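A short write-up of the structure that comes next.
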Amino acid sequence: MEGVQEPRYSGSHNVERRWFLPGVHCPQCDAVWGGPLGCLSLRGSLPPAGSGEIHGSARGGLCFLYSSWMLLMRREALERLQAEGVQGLKGCHTELRFRQKNPPELLELELLPRGQAHPDCLPEYRPEPCTKCGRKGWKRPEELILRASSVPPELDAFRLEDFPTAIIASERFVETARRLGYEQDIAFRVLPLR
Ligand SMILES: [Zn+2]
């Protein structure tokens with residue numbers, strides 16, 4: 199969902215999380231974890247989306263809107279995708295305030311960290327993840343390859359455990375979104391499985 203030049207369906211939104219955790223310092227590897235509640239990723243587990251409510255003003259807004267940590271979807275669009283058989287989508291309540299009358303209802307999509315990158319796309323030498331906080335000291339590769347055995351069959355959208363900013367959607371999700379005309383604001387990229 200990167201690199202969309204002229205979004206047609208997303209409104210412009212200006213949101214921020216209300217609750218922040220203070221930085222948590224790992225005594226083992228010296229990493230500092232912190233930031234918005236929903237961004238905390240320790241040992242590959244994210245707190246459920248919506249544990250920090252989102253406040254802000256939003257204008258316009260049709261289908262999808264995202265940041266790497268937050269994917270918002272109109273309730274209508276979410277329900278249509280679900281009705282078309284897209285699996286494992288869960289919308290969480292947000293507290294967005296809109297300037298317009300009759301604003302759309304936006305839900306934050308819960309995206310669980312489930313799939314993994316295949317070792318073939320990772321650097322050859324990878325230090326062991328920190329034993330205390332689980333931090334992995336390598337960057338997300340340009341060309342991701344998914345480890346086929348790690349793909350959860352029951353979820354049509356999820357994040358990668360290794361790189362939680364990577365949002366993965368199944369073929370069914372992509373096809374359905376295209377069929378319903380929701381794909382304009384999303385640049386889907388095909389990822390190889392191995
Ligand atoms: Zn650590």
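Its first residue numbered 199, the sequence shown is counted upward by one per residue in this note's numbering.
Just so it is clear, CB atoms sit at the ideal spot from N, CA and C, and this is done for glycine as well.
This structure is a prediction, so every number in the text was calculated from the model and none was measured.
When the Cα atoms are used, what is the spatial distance from residue i to residue j?
i       : j       : result
Asp-318 : Ala-229 : 26 angstroms
Ala-355 : Leu-309 : 7 angstroms
Pro-169 : Arg-376 : Nothing about residue 169 can be reported from this structure: the residues present for the chain run from 199 to 392 only.
Leu-270 : Cys-290 : 9 angstroms
Gly-335 : Pro-325 : 7 angstroms
Thr-329 : Phe-361 : 18 angstroms
Ala-275 : Ile-384 : 14 angstroms
Arg-272 : Ala-364 : 21 angstroms
Cys-442 : Glu-359 : Not covered by the structure: residue 442. The range shown for the chain is 199 to 392.
Met-268 : Gln-226 : 29 angstroms
Ser-347 : Glu-340 : 21 angstroms
Thr-374 : Tyr-323 : 39 angstroms
Arg-338 : Glu-306 : 24 angstroms
Since I believe residue j is in contact with residue i (beta carbons under 8 angstroms), could you give me their beta-carbon distance rounded to a whole number of angstroms?
i       : j       : result
Leu-304 : Thr-292 : 6 angstroms
Arg-357 : Pro-311 : 5 angstroms
Leu-389 : Leu-342 : 5 angstroms
By Cβ distance below 8 angstroms, which residues in the same chain neighbour residue i in space, the five residues on each side in sequence not counted?
i       : result
Val-372 : Glu-381, Phe-386
Glu-378 : One detail in the question is off: residue 378 reads as Leu in this sequence, not Glu. Once the five neighbours on either side are set aside, the close Cβ partners of Leu-378 are Ala-275, Arg-278, Leu-279, Glu-282.
Counting only the same chain and skipping the five closest in sequence on each side, list residues whose C-beta sits under 7 angstroms from that of residue i.
i       : result
Pro-321 : Trp-336
Glu-352 : Gln-285, Gly-286
Give me, in chain order, the residues of the same chain whose beta-carbon lies closer than 6 angstroms to that of residue i; leave out the 5 immediate sequence neighbours on both sides.
i       : result
Arg-345 : Gln-314, His-316
Val-349 : Gly-313
Lys-288 : Glu-308
* Would you call the segment 360–376 and the segment 273–285 touching, i.e. three or more CB-CB distances under 8 angstroms? -> Cβ pair count under 8 angstroms is three or more, so yes.
* To do: Could you name the residues whose beta carbon sits closer than 6 angstroms to any heavy atom belonging to ligand 1, keeping them in chain order?
  => Cys-224, Gln-226, Cys-227, Ala-229, Cys-328, Lys-330, Cys-331, Arg-333
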